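Residue numbers (my numbering), protein chains in the order written: chain P, 324 to 493; chain X, 40 to 186.
Backbone N, C-alpha and C fix where the C-beta goes; we use that ideal spot for every residue, glycine too.
All figures in this text were calculated on a predicted structure; none of them were measured in a lab.
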């Protein structure tokens, strides 16, 4: 795993809010950073090959595409079965993210989180049933928390300055 | 959104070219001109169909830390708390959800120390507990949305 150097970090910070909508966007980013377009392109290419960049393209707001039923399904799975449960949830092909997280007992016994997205309630219910079937007796309990509003969505950011400071709006 | 917009959204959720004229290169297989593709993406951004356009980074690889936090926010304080939480640059997304844990947000920063500071500051300024649920393991999947 390669560590990001200062040039990579500058490129991340310059592009994490989005690419400029101009004919030569990497050239525009390069001009702003005092680099050449070739360097910006080569660094992004290397970061993509290395998995730092997951992909480059449009990021749809799934609500705007009609995916209004966005469920965070949460599952209580015995610690010994977490790996197998994660594998089975991924294999369904209907989950966008899947994580193991700590339980917060007694209020929150759920330790696997898997996101589903559907255009209507019936489709969402069917997806949850599909996941429940895939897990079978591995799941000791589950809940689905539908999102009722997006309050903020900017993507994860690499900060310009670190350590203390006042939060900026935006 | 018309058929051309749908084709753009479906075709360009990855693989945007790393070239000097990427819009021209991406536009050709869609039967569009460079200017038309740029204009369409701009309109899709402005109308909110796209939340972003550009590289999606795997923030875990920044050497940074992130966590999912949950709060139980009284309904009458919900908007006020949301505004306070969202004001932090470190808060990447924030969703209202139908559960007693009704506000769920991701905090990402370069260090675990800074993540902890943000969580503590939100708790101090709202007087509401912030439950920290860092991921312990990621099962890798990547779903694409059909427009």
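- Cβ proximity to chain P below 9 Å picks out 130, 131, 132, 133, 134, 135, 136, 137, 138, 139, 140, 141, 142, 143, 144, 145, 147, 148, 149, 150, 152, 153, 156, 157 from the region 130 to 159 of chain X.
- With fewer than 16 other Cβ atoms from the protein chains shown falling within 10 Å of its own Cβ, residue 115 of chain X counts as exposed.
- Contact residues of the region 333 to 367 of chain P toward chain X are 335, 338, 339, 340, 341, 342, 344, 345, 346, 347, 348, 349, 350, 360, 364, 367 (C-beta to C-beta distance below 8 Å).
- For residue 468 of chain P, the beta-bridge partners assigned by DSSP are P:395.
- Counted as a single uninterrupted DSSP element, the stretch harbouring residue 167 of chain X is not any beta strand (DSSP E), since DSSP gives it neither H nor E.
- If you ignore the 5 residues before and after residue 421 of chain P, its C-beta comes within less than 8 Å of the C-beta of 409, 412, 413, 435, 436, 437, 438, all in its own chain and listed in chain order.
- With a cutoff of 9 Å on beta-carbon distance, residue 379 of chain P and residue 78 of chain X are scored as not near each other.
- Just measuring C-alpha positions, the residue of P:381, P:334, P:464, P:428 sitting nearest residue 400 of chain P is P:464.
- C-alpha of residue 418 of chain P to C-alpha of residue 167 of chain X: approximately 31 Å in a straight line.
- Taking 9 Å as the CB threshold, residue 69 of chain X stays off the interface with chain P.
- Pairwise C-beta distances place the region 373 to 388 of chain P out of contact with the region 121 to 130 of chain X, as fewer than three of them are shorter than 8 Å.
- Bridge partners of residue 94 of chain X according to DSSP: P:379.
- Residue 350 of chain P counts as buried, since at least 16 other C-beta atoms from the protein chains shown sit within 10 angstroms of its C-beta.
- Listed in chain order, the non-local C-beta contacts of residue 55 of chain X below 7 Å within the same chain comprise 61, 65, local neighbours out to five positions each way being set aside.
- The criterion of a C-beta distance shorter than 9 Å is not satisfied by residue 95 of chain X and residue 427 of chain P.
- Considering only X:147, X:58, X:85, X:102, the residue with the shortest C-alpha distance to residue 329 of chain P is X:102.
- Assignment of beta strand (DSSP E) within the region 430 to 474 of chain P, counting only whole runs of 3 or more residues, yields 435 to 441 in chain order.
- Listed along chain X are 178, 180, each with a C-beta nearer than 9 Å to that of residue 412 of chain P.
- In summary, the residues of the region 373 to 387 of chain P whose CB is separated from some CB of chain X by less than 8 Å are 373, 374, 375, 376, 377, 378, 379, 380, 381, 382, 383, 384, 385, 387, in the order they occur in the chain.
- Contact with chain X is absent for residue 404 of chain P, since none of that chain's Cβ atoms lies less than 9 Å from the residue's Cβ.
- Ranking X:84, X:125, X:177 by CA distance to the CA of residue 165 of chain X puts X:125 first.
- Leaving aside the five residues that flank residue 157 of chain X on each side, the residues in its chain whose CB is nearer than 7 Å to its CB run, in chain order, 127, 129, 146, 148.
- Chain P has no Cβ within less than 9 Å of the Cβ of residue 169 of chain X.
- Residue 175 of chain X counts as exposed, since fewer than 16 other C-beta atoms from the protein chains shown sit within 10 angstroms of its C-beta.
- The region 360 to 368 of chain P makes no contact with the region 80 to 92 of chain X; the number of CB pairs closer than 8 Å stays below 3.
- The beta carbon of residue 47 of chain X lies closer than 6 Å to those of 79 in the same chain, with the five residues before and after it left out.
- The beta-carbon separation of residue 440 of chain P and residue 393 of chain P, rounded to 5 Å, stays under the 8 Å limit for a contact.
- Along the region 333 to 361 of chain P, the alpha helix (DSSP H) occurs as fully enclosed runs of 4 or more residues at 348 to 356, listed in sequence order.
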